[in-house]
Amino acid sequence: EKRAKAATKDWPDHAREAFDKEIGKLERMNPQASEYSVQSNYLETLLDLPWNEVSQDNFDLNHAQAVLDQDHYGLEKVKERIIEHLAVLKIKGDLKAPILCLYGPPGVGKTSLGRSIAEALGRKYVRMSLGGLRDEAEIRGHRKTYIGAMPGRVLQNLKKSGTSNPLFVLDEIDKLGRDHQGDPSSALLEVLDPEQNHTFHDNYLDLDYDLSKVMFLATCNDLSTIQPALRDRMEIIDVSGYTLEEKVQIGKRHLLPKHLNKSGLATTHLKVPVATIQSVVEQYTNESGVRGLDKRLAKIVRHRAKQIALEEAHDIEVGAEHLHHILGIARTKDRYEGNEVAGVVTGLAWTPRGGDILFIESSLTPGTGKLTLTGNLGDVMKESAIIALQHLKAHADWLGLTPDVFDKWNVHIHVPQGAIPKDGPSAGITMLTALASAFTQRKVRKYLAMSGEITLRGQVLPVGGIKEKILAAKRAGIKEIILCERNRQDVEDINPRYIKGLTFTYVSHMRDVVDRALLGQHVEHPLRIVSS
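Structure (structure tokens):
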């Protein structure tokens, strides 16, 4: 039976030779021997693997674009890269599949995009979750001499797909672990290197297998935890969060119809206006993606299904006024808090779940010039505060201060939400502005936020995560953002609809920041700080 199957199998010469050799061993074995089943399983694996079986790519670019647009709103860069790959394949007919890595906060559609890409290309879809994977043998397999040995999960998934060119999603590649059993991220180097993966060596198979036809798509939330050599082998595509307008459209076009369909309801049973979806986004979620919105809309649909099942009286339309009854109390989230207090400035931060705003608070008390830092700050952030204060001391004259004033006041800098660890250099200009406001008792410009690193000379350096920070600023009601001049290109690369309604001020030196950020007027009941 195995020989008959092998006769019709399309596979490379080295695989055929290995099969002929191993089946000869099997035929000489006693079927009662313990090794017989091991040898038989090995031959079955050889026969079941798709060596040269490929699915035909669909080269209809319009169809591919339509499929991608139908399932996902936005994500233009990713879609454009897939269409480019298809276009080259259509012209040349042969191309090594790209190894893409979608990088962005949770809930923006990275994993689900893989299924849409597979449908657009006409390829089989395979997904392998790497979260918490610690054993290298999960990738490369165990040698067949071990009891219960089997191929690695890469070849197992290919066997299930039945083709040697599926779309293969490596989910959560940034959450790979490592222990005494090896380093799986190093094992993935061979899988994801276009120069090596045509001869991928699985320990169980003990043969080279061609992975070059597989289109790998990795997903991650945090690039910093990926091994540099592994990161270098992938083409990183930034999948940032959504704007308020995009979330509303995603809720209306995709999420609500999905939950209505799942619950067996029709649009005649429930209508959720755009204004209501917007209220859900603004009052019940605080995220870059749409996972929270998805859960809230599911709750609204389930509530309507319950009303229909119990034959309760209800309006077809769910208005914003009904949300409190269905979803409970609205969540409070970080919003701009005004400029009535000296020494408080709004900063912007990046986290693996997207952007966020943070408040830098500074206060002065009579003393000897002691600096206190609180708020669960990391070493880099503490150093930023020290640099900010030192720069202010060295250039006190341009703020109208005398140098001895710093010896008469203790300085306390606090960053709220003390349970959350915070680090990084991007709060440097925010800290210096907060200190300048505290010592001069001048108000900070309204609806202003900023992000940038500072040097001891007062130079402003660029920072990362600009798009996520801008989205966080918009969610919080910010209207103006101060950034380093060298971050101008990052802003210009962003789709104009993301930055609509925002004003950007680009600076190169701290003096530019303070001149723009501080108003001429003082706060009410200012401290009496001796100045020149």
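Heads up: the sequence shown begins at -2 in our numbering, then just goes up one per residue. C-beta: ideal position from N, C-alpha, C; glycine also.
Specify the secondary structure class of V342 as computed by DSSP and reduced to three states. strand
Residues in its own chain within less than 7 Å of A184 by CB, not counting five upstream and five downstream? E133, I136, R137
Status (buried if at least 16 other CB within 10 Å, exposed otherwise) for S161: buried
Using CA atoms only, rank isn't needed, just tell me which of V338, L396, H409, V341 is closest to K367. H409
On a Cα-Cα basis, can you pick out the residue from H388, G325, V504 that is closest to M447? V504
Nearest residue (CA-CA) to A346, options G111, T427, V402: T427
Does DSSP put T427 in a helix, a strand or coil? helix
Which residue comes first and which comes last in the alpha helix (DSSP H) that contains A12? 10 to 25
Closer than 8 Å is the cut-off here; do at least three beta carbon pairs connect the stretch 99 to 106 with the stretch 227 to 239? yes
Could you tell me which uninterrupted alpha helix (DSSP H) segments, each at least 4 residues in length, are contained entirely in the stretch 481 to 521, listed from first to last along the chain? 485 to 489, 507 to 514
Integer Cβ distance of A473 from Y333, believed to fall under 8 Å: 5 Å
So who's on the other strand from N407, going by DSSP bridges? T362
Look at the alpha carbon of E521 and the alpha carbon of E309, and state the distance between them as a whole number of angstroms. 56 Å
Among residues of its own chain, excluding the 5 on either side of S359, which ones have a beta-carbon nearer than 6 Å to its beta-carbon? G340, I410, A431, L432, A435
How about I479 and I467: are their beta carbons less than 8 Å apart? no
Exposed or buried, what is G517 when buried is set at 16 or more other beta-carbons lying within 10 Å of its beta-carbon? exposed
N258 versus Y33 - alpha carbon distance: 51 Å
Does DSSP classify I479 as helix, strand or coil? strand
Thinking just about the alpha-carbon of each residue, which of G462, K471, I88 is nearest to the one in R485? G462
Reference Q456; option with closest CA among P418, M507, T500, K476: M507
Nearest CA to the CA of A382: which residue from D394, K419, L324, P349? K419
I need the straight-line Cα distance from Q36 to L23, nearest angstrom please. 6 Å
Which ranges does the beta strand (DSSP E) cover as unbroken runs of at least 3 residues, wholly within the stretch 137 to 202, from first to last along the chain? 164 to 168, 197 to 199
Count the C-beta pairs between the stretch 75 to 88 and the stretch 437 to 452 that are closer than 8 Å, then say yes if the count reaches three, no if not. no
Beta-carbon gap between L600 and A470 smaller than 8 Å: Past the boundaries of the shown model lies residue 600; the chain is included only from -2 to 529, so the question cannot be answered.
Helix, strand or coil at S126 [DSSP, three-state]: strand
Can you find at least 3 beta carbon pairs, one from the stretch 264 to 281 and one from the stretch 317 to 324, that sit closer than 8 Å? yes
Enclosing alpha helix (DSSP H) for K292 [first to last residue]: 288 to 306
When we look at the beta-carbon of H519 and count the other beta-carbons within 10 Å, is it buried (16 or more) or exposed? exposed
Start and end residues, alpha helix (DSSP H) containing D376: 376 to 391
Where the alpha helix (DSSP H) through L97 begins and ends: Note, L97: premise wrong, no alpha helix (DSSP H); beta strand (DSSP E) at 96 to 100.
So, helix, strand or coil for G351, using DSSP? strand
Compute the Euclidean distance between the alpha carbons of R532 and L186, then round it to the nearest angstrom. Here the chain has residues from -2 to 529 only, and residue 532 is not among them.
Check D235 in the structure and name its three-state DSSP category. strand
Might you give, ordered along the chain, the residues of its own chain that have their beta carbon closer than 8 Å to the beta carbon of L262, omitting 5 neighbours on each side? V298, R301, A302, I305
How would you call G335, buried or exposed, if buried means at least 16 neighbouring beta carbons within 10 angstroms? exposed
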